[in-house]
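Novice: One structure follows; several queries about it will come next.
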Amino acid sequence: MMHHSLLIPILALAAGTSLAQTCGTVPNSYAYANGSPIKLPDPFTFLNGTKVVTKADWACRQDEISSIFQRYELGPLPAVESVSATFASNKLSITVTAAGGKTLSFSATVKLPSGSGPFPALIALGGVSIPVPSNVAVITYNNEEIAATDPRGKGKFFDLYGKSQTTGGLLAWAWGVSRIVDALEKLGPATTKINPARLAVTGCSRNGKGALMAGAFDKRIRLTLPQEAGSGGMGCWRIVGEMKKNGTKVEDAAQIVNGDQWFATSFTQYVNDLGKLPYDHHMLAGLVAPRPLLVIENSGIDYLGPISTYGCSTAGRLIYSALGEKEAMGLTQVAHGSSHCQLPSSQNADVAAFFDKYLLDKAGVNTDIFKTDKTYNFQLSRWVDWTAPTLG
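Residue numbering for the sequence shown is -20 to -1, 1 to 372, as defined by mature numbering (1 follows the signal peptide of the UniProt record, and there is no 0).
As structure tokens, this is what we get:
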């Protein structure tokens, strides 16, 4: 069997993602081997070869996975000194101060339900294209103002941290979501009528990728609902690569880095040899776990890589199973042709179930939802050669 054996440096961890003292440290370099054919890396093995056997181990492994994503694909999450905010006329105004005293300001619009609250809230990148319960507030956030899809270095995030900042747009958008959460916590429900302990995040297409990153990198997000995010969302790069090799017109890693500025500059060097990556996007689901995650996908658009999102979600759900929270991760994948970001009515009940159980705390709701309307020749054993433990 052929192996890629590489000595790969790990950058210093960004602020906010450092490993707890009880977890040890990420090595400065290590050798990673991926067999041929390449498979999805084992989420339950630390970089030093130690196995994850307890939930406490998993919390440490999550920190390690977070640093890996930042090192290879997303770029670093920079430090924030302080956040201040005001709320008036359905507008949440936020000012962020970075190290050195430099500031940026941005706002989000808030649509509150009728009544006194406090209400759960859904933070929407760019807008909402899923049905939202009438008793849930909606906070709409112009993430492109924070980091433009193109060109690189344009947006308020880069005005604050510098045009040469290597962080990609997706993590910059997630950074913006975290600042909204900061603002809601600081102001409190007496001012905003929003309960900051009951927050969900969503977005569709590129904004779905950003929503998934927000849920993965901020544990204060209670429910993550990425819609039709495709490659770069819950699609695994390795599976997408095989789809492309087999003739499917899908956006793979090599293509995605040549246009939109969603990823760190460092990611480009790996996109043509995915066996170098000590992670894949099943481990992005692992960063969300055990918090609820519903992957909403369209099986009718090849460009989104529906086999990849199905297979990658299948592998990601093994992490939830290991944590005893299988029903907290779902997949609903339905073909609706070229009507991108237009949720068909057949998926409404799936979305409602996750809102009801995890944001509204309704009893007796079944979220054991993992389905597609397509028949795939997907063999989990082709991609997974590790076993998910039962973590105590």
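From the three backbone atoms N, C-alpha and C, an ideal C-beta is built for every residue, glycine too.
1. Among Arg297, Gly255, Gly304, Thr120, which has the Cα closest to the Cα of Thr182?
2. How long is the line joining the alpha carbons of residue 374 and Arg218, rounded to whole angstroms?
3. Report the residue from Thr204, Leu164, Lys143 whose alpha carbon sits nearest the alpha carbon of residue 378.
4. Going by CA-CA distance only, name the one from Phe49, Val331, Ser279 that's closest to Thr355.
5. Which same chain residues end up closer than 7 angstroms to Gln249 when comparing Cβ atoms and leaving out the 5 residues on each side of it in sequence?
6. For Ser73, which residues from the same chain have a beta carbon less than 6 angstroms from its beta carbon, with the 5 sequence-adjacent residues on both sides left out?
7. Looking at Tyr52 and Phe247, is the spacing between their C-beta atoms short of 8 angstroms?
8. Once DSSP output is grouped into helix, strand and coil, what is the label at Tyr121?
9. Is the region 356 to 369 close to the region 287 to 299, with three or more CB pairs under 8 angstroms?
10. Report the three-state DSSP secondary structure of Cys3 (helix, strand or coil).
11. Around the C-beta of Gln1, are 16 or more other C-beta atoms found within 10 angstroms, so that it is buried, or is it exposed?
12. Decide if Pro131 is buried, meaning its Cβ has at least 16 other Cβ atoms within 10 Å, or exposed.
13. Can you check whether the CB of Glu307 is closer than 8 angstroms to the CB of residue 374?
14. Identify every run of the beta strand (DSSP E) within the region 280 to 360, keeping only runs that are complete inside it and at least 3 residues long; order them along the chain.
15. Going by CA-CA distance only, name the one from Gln50, Gly4, Gly55 that's closest to Thr30.
16. Our contact map puts Leu192 next to Gly213 with C-beta atoms below 8 angstroms; I'd like the distance itself, whole angstroms only.
17. Where does Thr367 land, buried or exposed, given buried means 16+ other C-beta within 10 angstroms?
18. Taking all protein chains shown into account, decide if Gly344 is buried (16 or more other Cβ within 10 angstroms of its Cβ) or exposed.
19. Along the alpha helix (DSSP H) that carries Pro176, what are the first and last residues, could you check?
20. Tell me which same chain residues have a C-beta within less than 7 angstroms of the C-beta of Asn328, skipping the five on either side of it?
21. Where does Lys342 land, buried or exposed, given buried means 16+ other C-beta within 10 angstroms?
22. Give me, in chain order, the residues of the same chain whose beta-carbon lies closer than 8 angstroms to that of Lys173; leave out the 5 immediate sequence neighbours on both sides.
23. Under DSSP, the alpha helix (DSSP H) around Val230 begins and ends at which residues?
24. How is the alpha helix (DSSP H) around Gln241 delimited, first residue to last?
25. Taking one C-beta from the region 34 to 42 and one from the region 305 to 323 each time, how about it: are there three or more such pairs within less than 8 angstroms?
26. Could you tell me which residues DSSP puts in a beta bridge with Gln207?
27. Given Lys82, which residues of its chain have a CB within under 7 angstroms of its CB, disregarding the five upstream and five downstream residues?
28. Buried or exposed for Gln42, going by 16 or more other Cβ atoms inside 10 Å?
29. Tell me the DSSP bridge mates of Ala101?
30. Closest by CA to Glu124, which one among Asn115, Lys136, Pro113?
31. If you follow the beta strand (DSSP E) that Ile74 is in, where does it begin and where does it stop?
32. Using DSSP's beta-bridge definition, name the partner residues of Lys82.
33. Where Gly106 and Glu305 are concerned, what is the direct C-alpha to C-alpha distance, given to the nearest angstrom?
Specialist: Short version:
1. Locating residue 182 in the sequence shown gives position 202, where the first residue counts as 1. Among Arg297, Gly255, Gly304, Thr120, the Cα nearest to that of Thr182 is on Thr120.
2. It is not possible to answer for residue 374, since the shown part of the chain is limited to -20 through 372.
3. Residue 378 cannot be examined here, being either before or after the span of the chain that is shown, -20 to 372.
4. As a working note, residue 355 is residue 375 in the sequence shown. Checking every option, the nearest Cα to that of Thr355 belongs to Ser279.
5. Here residue 249 is taken as the residue at index 269 of the sequence shown, counted from 1. Taken in chain order, the list of residues that qualify is empty.
6. The count along the sequence shown starts at 1 and reaches residue 73 at position 93. Within the same chain, Ser73 has close Cβ partners Thr66, Ser87.
7. Here residue 247 refers to the residue found at position 267 of the sequence shown. Here residue 52 refers to the residue found at position 72 of the sequence shown. Yes, these two residues count as a Cβ contact at 8 angstroms.
8. To locate residue 121, count along the sequence shown from 1; it is residue 141. Tyr121: strand per DSSP, three-state reduction.
9. Output reads yes: the region 287 to 299 touches the region 356 to 369.
10. Here residue 3 corresponds to residue number 23 of the sequence shown, with the count starting at 1. Helix at Cys3.
11. Here residue 1 refers to the residue found at position 21 of the sequence shown. Caution is warranted here: a pLDDT of 47 is assigned to Gln1, below 50, making its placement in the model unreliable, and the coordinate value is therefore given only provisionally. It counts as exposed.
12. The sequence position of residue 131 within the sequence shown is 151, counting from 1. So Pro131 counts as exposed.
13. Residue coverage of the chain in this structure runs from -20 to 372, which leaves residue 374 outside it and unanswerable.
14. You should have 309 to 313, 350 to 352.
15. Along the sequence shown, read from residue 1 onward, the residue named residue 30 stands at position 50. Among Gln50, Gly4, Gly55, the Cα nearest to that of Thr30 is on Gly4.
16. As a first step, residue 192 must be located in the sequence shown, where it is residue number 212. As a first step, residue 213 must be located in the sequence shown, where it is residue number 233. Indeed, because the Cβ distance is near 5 angstroms, the residues count as touching under 8 angstroms.
17. Residue 367 sits at position 387 when you count from the first residue of the sequence shown. The residue in question, Thr367, is exposed, as its Cβ has fewer than 16 Cβ neighbours within 10 Å.
18. If you number the sequence shown from 1, residue 344 lands on position 364. Exposed, since its Cβ has fewer than 16 Cβ neighbours within 10 Å.
19. Stepping through the sequence shown from its first residue, residue 176 is reached at position 196. Premise fails: Pro176 lies in the beta strand (DSSP E), 174 to 184, not in any alpha helix (DSSP H).
20. Numbered from its first residue, the sequence shown carries residue 328 at position 348. For Asn328, where only same-chain residues beyond five positions count, the Cβ hits under 7 angstroms are Pro111.
21. Your numbering for residue 342 matches position 362 in the sequence shown. By the neighbour-count rule (16 or more Cβ atoms within 10 Å), Lys342 is not buried but exposed.
22. Position 193 of the sequence shown, counted from the first residue, corresponds to residue 173. Here the set comprises Leu92, Ser96, Gly97, Pro98, Phe99, Ala117.
23. As a position in the sequence shown, residue 230 is number 250, starting the count at 1. Element bounds for Val230: n/a, residue is neither H nor E.
24. Within the sequence shown, numbered from 1, the residue matching residue 241 stands at position 261. Segment: none, Gln241 is in no alpha helix (DSSP H) and carries neither H nor E.
25. no
26. Along the sequence shown, one-based indexing puts residue 207 at 227. Looking at the DSSP assignment, Gln207 forms a beta bridge with Cys184, Ile276.
27. On the sequence shown, residue 82 is found 102 positions in, with the first residue counted as 1. The residues are Leu140.
28. Counting from 1 along the sequence shown, the entry for residue 42 is found at position 62. Label assigned to Gln42: buried.
29. In the sequence shown, residue 101 corresponds to position 121, counting from 1. As a beta-bridge residue in DSSP terms, Ala101 pairs with Ala117, Leu179.
30. Working through the sequence shown from its first residue, we reach residue 124 at position 144. It is Lys136 whose Cα lies nearest to the Cα of Glu124.
31. Against the sequence shown, residue 74 aligns to sequence position 94. It spans 71 to 77 - the beta strand (DSSP E) in which Ile74 sits, taken as one unbroken run.
32. Here residue 82 refers to the residue found at position 102 when the sequence shown is read from its first residue. None, per the DSSP bridge assignment.
33. The residue given as residue 106 occupies position 126 in the sequence shown. The residue given as residue 305 occupies position 325 in the sequence shown. Whole-angstrom Cα-Cα distance: 30 angstroms.
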